[in-house]
Amino acid sequence: IISDNSPVSLSWSGVMAERDIERYDGVLEGLKGEVARVIEENDLGSIPDEGSPLFHAISALQQTVSEGHLDAFGQFYRDSSDKLVVATALRVQDGNAIASGLLDVLMRIQGQDDIGRIETGFREHAGVSFHRLEFKNPDAGAIELFGSNPGITFGVGERSIWGCVGGDDSFE
2 IISDNSPVSL SWSGVMAERD IERYDGVLEG LKGEVARVIE ENDLGSIPDE
52 GSPLFHAISA LQQTVSEGHL DAFGQFYRDS SDKLVVATAL RVQDGNAIAS
102 GLLDVLMRIQ GQDDIGRIET GFREHAGVSF HRLEFKNPDA GAIELFGSNP
152 GITFGVGERS IWGCVGGDDS FE
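Just so we're aligned: the sequence shown equals residues 2 to 173 in my numbering.
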């Protein structure tokens, strides 16, 4: 639990049917081709292949799905500026591979015209490096709800993906 004062905390654990495991594995396998296509079409660097960090990350997600058991957590709370933060976590297999793939994606999209400011290595907690992607030109409603510089902060540990949506004070 991130905050004992949270009005809403959710924890979910589920077992997947074999047919769903096969479907999700197929979707993730198809994602490899789609990611390669998008990278090539948008000139986002070298096209990934089976040895690339991106494909290793997707393979780790496939490994997570193949376990057939999903655990997720979510919590809504107020940050030190009294603004909303939505925090989530998902249990994964081979989080280090997912972390490398995530960093690869961030490095590829950093500086693109339609992407907000990216800060890799934004903070570290319990051995997990967190990155931050601020929304580009957030509207007044997002600023009112989440505070100044709303964005997404995320990191991956060996067994979990962590993320939150919030403003500058969401990681405090």
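Note that the Cβ used here is the ideal one computed from N, Cα and C, for glycine as well. In this text the structure is predicted, and so the values were computed from the model without any measurement.
Pull up the distance between the alpha-carbon of residue i and that of residue j, whole angstroms please.
i    : j    : result
M17  : D105 : 29 Å
L49  : R109 : A small fix is needed here, since residue 49 is Pro in this sequence, not Leu. Cα to Cα, the separation comes out at about 11 Å.
V39  : S67  : 26 Å
S82  : E51  : 44 Å
D115 : N138 : 10 Å
V36  : F172 : 30 Å
I22  : H57  : 18 Å
V86  : C165 : 7 Å
S47  : E41  : 8 Å
F174 : Y25  : Because the chain is modelled from 2 through 173, residue 174 falls outside the range shown and cannot be assessed.
G31  : F136 : 28 Å
Along the chain, where does the alpha helix (DSSP H) containing residue i start, and where does it finish?
i    : result
I40  : 19 to 42
S67  : 54 to 67
S101 : 96 to 110
If you check the beta carbons only, do residue i and residue j fall under 9 Å apart?
i    : j    : result
F192 : G168 : Because the chain spans 2 through 173 in this model, residue 192 falls outside it and cannot be assessed.
L11  : K33  : no
I119 : L103 : no
G69  : E159 : no
D170 : G148 : yes
Residues in its own chain within less than 6 Å of residue i by CB, not counting five upstream and five downstream?
i   : result
L29 : I59, L62, Q63
S14 : D72
A90 : F74, S161, W163
Just reading off the beta strand (DSSP E) that residue i is part of, what are its end residues?
i    : result
E125 : 119 to 126
E135 : 129 to 135
Comparing alpha-carbon positions, which option in the options lies nearest residue i?
i    : options         : result
E145 : R79, R160, L11  : R79
V129 : I162, I22, A141 : I162
R92  : N150, T65, S7   : T65
At a Cβ threshold of 9 Å, is residue i touching chain D?
i    : result
G102 : Here chain D cannot be found, since the structure has a single protein chain.
Tell me which residues share the same chain as residue i and place their Cβ nearer than 7 Å to its Cβ, disregarding the 5 neighbours each side in the sequence.
i    : result
F123 : F131, H132, R133, T154
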